[in-house]
Each structure stands twice: as structure tokens, then as C-alpha cells.
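Undergrad:
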Amino acid sequence: MTGALDALTARVYTVPTAMPETDGTAAWDATTVVTVTAEADGETGLGWSYTDPRAARIVAGVLGPLLTGSDPDDLAAIRHRMLAATRNMGATGVVASAISAVDIALWDLKARRLGRSVAGLIGRAHDAVPVYGSGGFTDYSDEHTAAELRGWLELGIQNVKIKIGASWGAHPVRDLERIALARRTVGDAVGLFVDANGGYSVGEAIRAERAFREYGVIWFEEPVSSDYPEQMARVRRAALADVAAGEYVWRPSDAAALVEAGAVACLQLDVTRCGGYSAWLEAAAYAGLHGLQVSGHCGQHLTVHVAAATPNARHLEYFVDHLRVDTALFDGLLPVVDGRLAPDPSVPGHGMRLAPRADRYRQEEDG
Ligand SMILES: [Mg+2]
Numbered sequence: 019m020t021g022a023l024d025a026l027t028a029r030v031y032t033v034p035t036a037m038p039e040t041d042g043t044a045a046w047d048a049t050t051v052v053t054v055t056a057e058a059d060g061e062t063g064l065g066w067s068y069t070d071p072r073a074a075r076i077v078a079g080v081l082g083p084l085l086t087g088s089d090p091d092d093l094a095a096i097r098h099r100m101l102a103a104t105r106n107m108g109a110t111g112v113v114a115s116a117i118s119a120v121d122i123a124l125w126d127l128k129a130r131r132l133g134r135s136v137a138g139l140i141g142r143a144h145d146a147v148p149v150y151g152s153g154g155f156t157d158y159s160d161e162h163t164a165a166e167l168r169g170w171l172e173l174g175i176q177n178v179k180i181k182i183g184a185s186w187g188a189h190p191v192r193d194l195e196r197i198a199l200a201r202r203t204v205g206d207a208v209g210l211f212v213d214a215n216g217g218y219s220v221g222e223a224i225r226a227e228r229a230f231r232e233y234g235v236i237w238f239e240e241p242v243s244s245d246y247p248e249q250m251a252r253v254r255r256a257a258l259a260d261v262a263a264g265e266y267v268w269r270p271s272d273a274a275a276l277v278e279a280g281a282v283a284c285l286q287l288d289v290t291r292c293g294g295y296s297a298w299l300e301a302a303a304y305a306g307l308h309g310l311q312v313s314g315h316c317g318q319h320l321t322v323h324v325a326a327a328t329p330n331a332r333h334l335e336y337f338v339d340h341l342r343v344d345t346a347l348f349d350g351l352l353p354v355v356d357g358r359l360a361p362d363p364s365v366p367g368h369g370m371r372l373a374p375r376a377d378r379y380r381q382e383e384d385g
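Just so you know, this note's numbering puts 176 at position 158 of the sequence shown, and the rest follows in order with no gaps.
(1) Are there three or more Cβ pairs, one per stretch, closer than 8 angstroms when the region 342 to 349 is compared with the region 93 to 105?
(2) Mapping the DSSP letters down to three states, classify P34 as helix, strand or coil.
(3) Is the number of C-beta pairs between the region 61 to 75 and the region 201 to 219 that are closer than 8 angstroms three or more?
(4) Quick check: the Cα distance between S244 and R255, rounded to an integer number of angstroms?
(5) Using DSSP's beta-bridge definition, name the partner residues of T53.
(6) Near H333, which residues of its chain fall below 8 angstroms by C-beta distance, leaving aside the five closest residues on each side in sequence?
(7) Runs of 3 residues minimum, wholly inside the region 158 to 226: which ones carry the beta strand (DSSP E) assignment?
(8) Tell me which same chain residues have a C-beta within less than 7 angstroms of the C-beta of G217, skipping the five on either side of it?
(9) Is there a C-beta anywhere in chain D that falls below 8 angstroms from the one on F348?
(10) Please find out if some non-hydrogen atom of ligand 1 comes closer than 7 angstroms to the beta-carbon of D213.
(11) Would you give the residue range spanned by the beta strand (DSSP E) that S152 belongs to?
(12) Decide if M250 is buried, meaning its Cβ has at least 16 other Cβ atoms within 10 Å, or exposed.
(13) Do you know how far the Cα of E240 is from the Cα of E57?
(14) Among G317, A281 and L310, which has the Cα closest to the Cα of S115?
(15) Would you kindly work out how many angstroms separate the C-alpha atoms of G385 and A262, rounded to a whole number?
(16) In the DSSP assignment, find the alpha helix (DSSP H) that holds S244 and state where it starts and stops.
(17) Taking the CB atoms as reference points, tell me whether I197 and V212 lie closer together than 8 angstroms.
(18) On the CB-based measure, 16 or more other CB atoms within 10 Å of its CB, does R97 come out buried or exposed?
(19) So what does D356 bridge to, in DSSP terms?
(20) In the DSSP assignment, the beta strand (DSSP E) including V312 goes from what residue to what residue?
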């Protein structure tokens with residue numbers, strides 16, 4: 019065993035949605051995934067991010083040349099080197115996505131080479147992590163929304179989330195109708211979450227939260243833009259529901275800004291954006307020191323392996339889009355059992371591989 023990193027390789031895959039999808043502030047009809055494979059000693063680790071194809075160019079042009087030949091087990095040093103090398107590009111957005119995918123691939127590689135699960139290598143905190151069902155796009159028909167919600171209940175899931183705030187909060191009555199529909203569909207015993215994707219102003223968000231108390235909403239995600247933590251803190255102080263955000267934590271300082279402002283009752287983190295498993299662990303520990311739990315944003319099949327090693331992990335978002343995309347591209351996904359995902363401690367790494375069937379979604383813009 020030489021131990022050196024032999025190669026970092028990025029690939030781009032684009033999987034169309036089944037129908038156009040919208041939330042409070044965006045619309046899309048496909049999801050692009052940039053995968054990273056890391057090779058050493060004949061073993062391969064896999065990471066990925068849901069991002070722009072240009073993240074693959076960051077891997078091929080910057081991070082691969084930077085790290086090839088180095089010791090892939092030195093994850094803390096590698097994280098520092100990746101951040102330093104991208105300083106002048108801005109270590110957010112596609113750069114952060116590329117860094118995240120590389121970090122996850124290296125954790126998977128290290129765990130596989132040691133014959134350990136990712137959670138076992140980090141240090142397990144939970145046998146299983148609860149998930150909440152997430153989709154409920156604003157342009158779904160009521161029938162589709164109800165059918166999706168019933169599907170979550172059939173998996174034993176105890177919390178469900180829908181999107182609200184369509185067209186930047188322009189339709190508050192419709193939002194309330196959809197929340198009422200969701201409550202009718204799932205019954206009183208299931209936790210109801212909503213996500214406005216930053217679509218409201220402070221006043222709109224506070225008025226909306228008061229209106230949907232009647233339906234027992236317990237989680238209000240991005241009531242206002244995450245770019246203004248002080249404004250979000252104003253909503254949080256007025257709300258009964260837990261205000262949550264963190265999907266745009268690209269750098270440690272983004273997590274610090276949300277926590278220090280008192281903006282969130284639970285810090286969300288996305289391992290495919292925040293810097294991978296290494297940055298998740300750092301931010302989750304920081305949140306824990308402030309008495310906060312963390313929740314995984316999207317990318318559930320990757321996130322569960324680090325969340326199982328995170329004492330203050332509350333739950334993971336089980337996102338309908340990423341269920342479909344991950345199923346199309348990868349083998350080794352964990353199934354939901356009794357509303358939870360449970361990593362198998364006997365399976366090395368995170369246990370997932372690119373599936374041969376993924377080739378039909380591959381794009382030309384390889385790094
Ligand atoms: Mg969200």
C-alpha cells in the first residue's frame with residue numbers, strides 16, 4: 019500500500035423530474051448530480067453533490083491536481099488545503115459543492131480501506147436516524163399532494179413537509195388551504211412542517227405563522243431569506259413553530275451567522291453543500307455547543323451516515339427529488355424502515371456505488 023491518492027474523477031449526470039417542480043422562489047425540471055470518485059490502493063470512494071456541471075470542472079481543474087499524490091486519510095489537512103486553494107474563487111456555490119463531494123468521497127475511501135462503516139469510523143451515536151417526508155411542491159394538484167403525504171405515512175414516517183410561499187409569498191390564502199389539506203390528509207398525530215424557501219417578508223412570515231397555528235404547524239423553514247439572519251430571528255421570536263434554516267450554509271461562517279443571530283431553533287445542514295462530512299461534523303458540534311440540534315437537508319442517502327455519528331442530529335429530510343435521482347444513479351441506498359434510516363455497521367464506507375444504469379443520464383461536460 020502506497021497510501022497516496024491516485025485519482026479524483028468527476029462525472030456529471032442529469033436526471034429529469036417527472037413533472038415541473040416549484041417552491042416559493044424557484045422552478046426546475048431536472049436535477050444535476052456531480053459525482054466524485056477517489057482512488058487509492060485499488061479502492062474507490064464515492065461522493066456527490068446536487069449542483070451545476072461546473073462543479074466537475076473545479077474537481078478536474080483545481081482539487082484533483084491539488085490532492086493527487088497526497089495522503090487521502092488526512093481529511094483535516096485536505097479540508098484546509100481545499101479551502102485555501104479556492105479562496106480567491108469564493109468557497110461557496112459550485113466550489114463548495116465540489117469540495118463537499120470530494121470530502122465525502124475521501125471519507126468513503128478511508129472507511130472502505132479500513133473495512134469500517136462511515137458512521138463506525140467517525141464514532142456511532144445512533145443506530146438509526148428518523149426522517150421526515152419532504153416534497154409537497156407548490157404547483158402540485160391537491161390530489162398529488164395528498165397521495166405523496168399518504169406515501170410518507172405508509173413508510174412509518176412521523177413528520178411531513180410541504181412547500182408554501184408560492185411566487186414569493188403572493189398567495190397566502192392558497193398557502194393556508196394547502197396546509198389545511200396536508201393536516202386533513204395526515205391526521206392530528208403527525209408533525210406538519212412547512213418550507214417557504216425565503217419567499218416571505220418578515221411581516222408576511224409572522225402573519226402566516228399566526229394563521230397556520232390552527233393547523234399545528236411545528237416547523238417553519240426559511241420563512242424569510244437566509245441571507246438576513248437578523249430578520250429571520252425576528253420571525254423566530256414571534257413564532258410558536260420552530261424556525262429552521264441552513265441549506266445555504268456553504269462555509270463555517272454561514273452556520274455561525276444563523277446561530278449567533280438566534281435565527282434558528284434547529285440548524286439545517288446539507289452535506290453536499292456545506293463541505294461534506296467534515297464540515298457537517300464541525301457545524302453540528304458548533305450548534306451543539308449552543309444547545310441546538312441539527313437536521314439534514316436533502317441528500318438523505320449520503321447524510322444518514324454522518325448523522326448516525328452526530329449526537330445532536332434531530333432528523334433528516336427524506337426528499338422526494340433526491341429519492342428519485344439517487345435511485346436512478348446509485349446502488350446501495352438504505353430503505354426507510356419504521357420512518358428511519360439505519361446504516362448497517364458491517365457495510366464498509368457508506369455502502370453506495372454508481373450503478374451501471376446511471377450511464378443513460380451521463381452528460382458530456384466531464385471534468
Ligand atoms: Mg428548504
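Cβ coordinates follow ideal geometry from the N, Cα and C atoms, glycine included.
TA: Let me lay it out:
(1) no
(2) strand
(3) no
(4) 16 angstroms
(5) R29 and W66
(6) V147, P148, V149, Y150, N177, S313 and G314
(7) 177 to 181 and 209 to 213
(8) G42, T43, G183, W186 and G187
(9) Looking at the structure shown, chain D is missing, and only one protein chain is on hand.
(10) yes
(11) V147 to S152
(12) buried
(13) 38 angstroms
(14) G317
(15) Here the model assigns G385 a pLDDT of 43, short of 50, so the residue's position is not dependable, and the following value carries that caveat. Distance between the alpha carbons of G385 and A262 is about 35 angstroms.
(16) S244 -> no alpha helix (DSSP H), and no H or E assigned at all.
(17) yes
(18) buried
(19) Looking at the DSSP assignment, D356 forms no beta bridge with any residue, so it has no partner.
(20) Q311 to G314
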